[in-house]
Each structure stands twice: as structure tokens, then as C-alpha cells.
Amino acid sequence: MKLIIHGGFFSESSTSDDTKIAKQKALEEIVMRSYEYLKTHTATETVVYAVTQLENDTLFNAGTGSQIQSDGKIRMSAALMDGETQKMSGVINIEAVKNPIEVAALLMHQDDRILGGSGATNFARANGFEYFSTEIPQRRAEFEAKLKATGTGTVGCVALDQNGKIAVATSTGGKGFEIPGRISDSATVAGNYANAFCGVSMTGVGEDIVSNATAVKIVTRVTDGMQLKDAFAKTFNELLPYDGFAGAIAIDHNGTIYHQDSHPNMVYASFDGTEFEVFK
48 MKLIIHGGFF SESSTSDDTK IAKQKALEEI VMRSYEYLKT HTATETVVYA
98 VTQLENDTLF NAGTGSQIQS DGKIRMSAAL MDGETQKMSG VINIEAVKNP
148 IEVAALLMHQ DDRILGGSGA TNFARANGFE YFSTEIPQRR AEFEAKLKAT
198 GTGTVGCVAL DQNGKIAVAT STGGKGFEIP GRISDSATVA GNYANAFCGV
248 SMTGVGEDIV SNATAVKIVT RVTDGMQLKD AFAKTFNELL PYDGFAGAIA
298 IDHNGTIYHQ DSHPNMVYAS FDGTEFEVFK
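Numbering (the working numbering), first residue to last: 48 to 327.
This is the structure in C-alpha cells:
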């Protein structure tokens, strides 16, 4: 069993040492709780569990604490993919729900598995997800001061369960101040993809990640026999012509855990039952 999570990017210039320590501690606690959960649950159930916790932590830009768009509203996106069944479900620009990843998980059992905008929000309401404001004072202050966000905030999880099954989940609160209707990579195969061979969750600038089809490229290359680190290297090299801003976490079917970013520094934590690692 293996597990890795990410919480977007950390900027040394705009984030204090106290916040860095807080993020390290939060990621350690979440990855350890999620690993315990993985012992008795599937990979698909576990990635939803882990991402729900990340959405609930205001240190990260997903769920509670999401960025505010240019019209003053918060719209979030999230996706889930089961590597065994090759099914993906997701929500795009959903509003006023506490945990977008849980709505995405419910959609996994529907014929129409990816919903956007009011359709996603209405589906959530019809299925018992009550109105919940994910705005926090910090985000409102940033919005009102017109502080441009870096656009690098997303959370995600990749898990390999005891039966060798892989799943991945990703959730984002957006880049902040974007045009309403903008679609990020998080609920697309560019940012969230898995099959029986590999699972990848992305963070960074969505437009760069979509342009490179990053997650699906890495997974496809591993499926075709490339080593995970080599698939990362080749795919990240393809971001260089336009200085693409991206970070990725992954686990392959051999249990190899890997992560890489194109710019400093993605925050992450991993645990395999013995070895624990957290971003420095």
C-alpha cells in the first residue's frame, strides 16, 4: 500500500516560516490518517477521504479557503478517477458546497459523470449537499485588496491499495480573480488521470497543464513500458518551451512513488507504511 498527497505550491517569498511548518504538519497528519484508512478501504475510497481532509483545511486552496473569482464568487472544481474501471467523474465551477470531491465521487455512479456550473451545484443540492460558504476572511481580504494570486493552488491524492488498485483525486479552488467560466485542469485528464499502471494528480497553472496534457502523458508512457521517473522527465521537458508551471505526484503499479515540479516548490507528503517524506 502506498499513498502520496499534495497541497499545491509553496512560495518562500509570500509565505511565512510559520505557515510552511503548519503545512508540513497538516500534510503529515493527513497522509498518516489516510494511510490508516487505506488499510481497510479501496484506493478510490481513500483518495476521496484524503482530498476531503485537504479541502477542509484552510491552509490549502480547495474547498474551504478557495480563491475568489473576478466577480466576487467562489467556484471550485474536483475530479476522481478509478484506475481499474477507467471511469472518471468530476465537477467544474461548482458553488457553495463544502467538499466538491464528495460530489464528484457521487457522480461516479451516474451516467453523466462530469457536470459543470449550475448543473453541478443543482445536482449537489438534489443529493443532500447543503449550502456552505467556503470563503474565509483571508481570501476576502486578498480579493478586496486586489492581490493577484499565483494560480498554483490545488490539492490531490494518489493511492495504491492492498489489491494493487490505483486511484487518484484532485480538487481546486481556482487561481483567483479568473474570468467566471474559466475551466482548470483539475477535472480533466490533463490534471487527474489513472489506469491500472499509474495514477497522477497535478497542480500548477491549469492552462499550462492542459496545453501539455501532462497527467495523461505520464500515465500513457508508463503504460507503454517507460519507467516512472523517465516518463516524468520526458513530460516535464515538454513544458520547457513555454516555461510551463506544474507539479505532479504519482504512484505506479510497482509501488514506485514519484513527484516533480517545474518551479519551486510543490508541497507534498507520502507514506508507504515505513518511509515518510514531506516537502522541505
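Don't be surprised by glycine CBs; every beta carbon is placed ideally from N, CA and C.
Determine whether the beta carbon atoms of residue i and residue j lie at a separation below 8 Å.
| i | j | result |
| --- | --- | --- |
| Thr219 | Thr201 | yes |
| Leu127 | Ala109 | no |
| Tyr240 | Val269 | no |
| Gln116 | Pro227 | yes |
| Gly221 | Met123 | yes |
| Thr217 | Met313 | no |
| Ile52 | Leu74 | yes |
| Val144 | Ala171 | yes |
| Ile68 | Gln100 | no |
| Ile141 | Ala167 | yes |
| Tyr84 | Tyr96 | yes |
Rounded to whole angstroms, what is the Cα-Cα separation between residue i and residue j?
| i | j | result |
| --- | --- | --- |
| Thr89 | Phe107 | 25 Å |
| Phe56 | Gly203 | 12 Å |
| Gly112 | Arg186 | 7 Å |
| Glu102 | Gly54 | 10 Å |
| Glu2 | Phe283 | With the chain covering only 48 through 327, there is no way to say anything about residue 2. |
| Ser309 | Gln157 | 36 Å |
| Ser165 | Glu225 | 18 Å |
| Asp319 | Phe179 | 34 Å |
| Val138 | Leu162 | 5 Å |
| Lys70 | Val215 | 21 Å |
| Cys245 | Val94 | 14 Å |
| Pro288 | Thr87 | 44 Å |
| Phe190 | Pro311 | 25 Å |
| Thr235 | Val205 | 16 Å |
| Asp232 | Ile183 | 24 Å |
| Gly119 | Gly211 | 44 Å |
| Tyr300 | Gln307 | With the sequence shown as reference, residue 300 is identified as His, and Tyr is not the correct amino acid for it. About 18 Å. |
Mapping DSSP to helix, strand and coil, what is residue i?
| i | result |
| --- | --- |
| Gly166 | helix |
| Ile121 | coil |
| Lys212 | coil |
| Gly253 | helix |
| Thr217 | strand |
| Glu324 | strand |
| Ile68 | helix |
| Tyr84 | helix |
| Gln185 | helix |
| Leu96 | Inspection of the sequence shows that residue 96 is occupied by Tyr rather than by Leu. Helix. |
| Lys195 | Residue placement at Lys195 cannot be trusted, given a pLDDT of 48 that sits under 50; the coordinates are not used to answer. |
| Ala143 | coil |
| Leu34 | Limits of the chain in this structure are 48 at one end and 327 at the other, which puts residue 34 out of reach. |
| Phe224 | coil |
| Asp129 | strand |
| Asn301 | coil |
| Asn242 | coil |
| Ala206 | strand |
| Leu50 | strand |
| Ile161 | strand |
| Phe318 | strand |
| Val236 | coil |
| Asp277 | helix |
| Phe176 | coil |
Please work out which residues of its chain come closer than 7 Å, Cβ to Cβ, to residue i, disregarding the five sequence neighbours upstream and downstream, and give them in chain order.
| i | result |
| --- | --- |
| Leu207 | Met48, Lys49, Ala90, Ile213, Ile298 and Gly302 |
| Tyr305 | Leu275, Lys276, Phe279 and Ala297 |
| Glu322 | none |
| Lys281 | Arg268 |
| Leu153 | Asn174 |
| Gln328 | What the structure shows of the chain is the stretch from 48 to 327, and residue 328 is not part of that stretch, so it cannot be assessed. |
Excluding the five sequence neighbours on either side, which residues of its own chain have a C-beta within less than 8 Å of the C-beta of residue i, listed in chain order?
| i | result |
| --- | --- |
| Lys134 | Met128, Met155 and Arg160 |
| Asn242 | Gly130, Gln133, Ile213, Val266 and Thr270 |
| Lys195 | Its pLDDT being 48, under 50, Lys195 is placed unreliably in this model, and the coordinates cannot settle the point. |
| Ile230 | Ser124, Ile139, Asn140, Gly163 and Gly253 |
| Asn259 | Ala237, Thr282, Glu285, Leu286, Gly291 and Ala293 |
Leaving out five residues on either side along the sequence, give the residues of the same chain with a beta carbon under 6 Å from the beta carbon of residue i.
| i | result |
| --- | --- |
| Val247 | Tyr240, Ala262, Ile265, Val266, Ala295 and Ala297 |
| Ser317 | Ile51, Ile304 and Glu324 |
| Ser136 | Leu127, Ala151, Leu154, Met155 and Arg160 |
| Arg80 | none |
List the residues that DSSP assigns as beta-bridge partners of residue i.
| i | result |
| --- | --- |
| Phe56 | Met313 |
| Gln307 | Ala295 |
| Val78 | Val78 is not bridged to any residue. |
| Met135 | Met128 |
| Val247 | Tyr240 and Ala297 |
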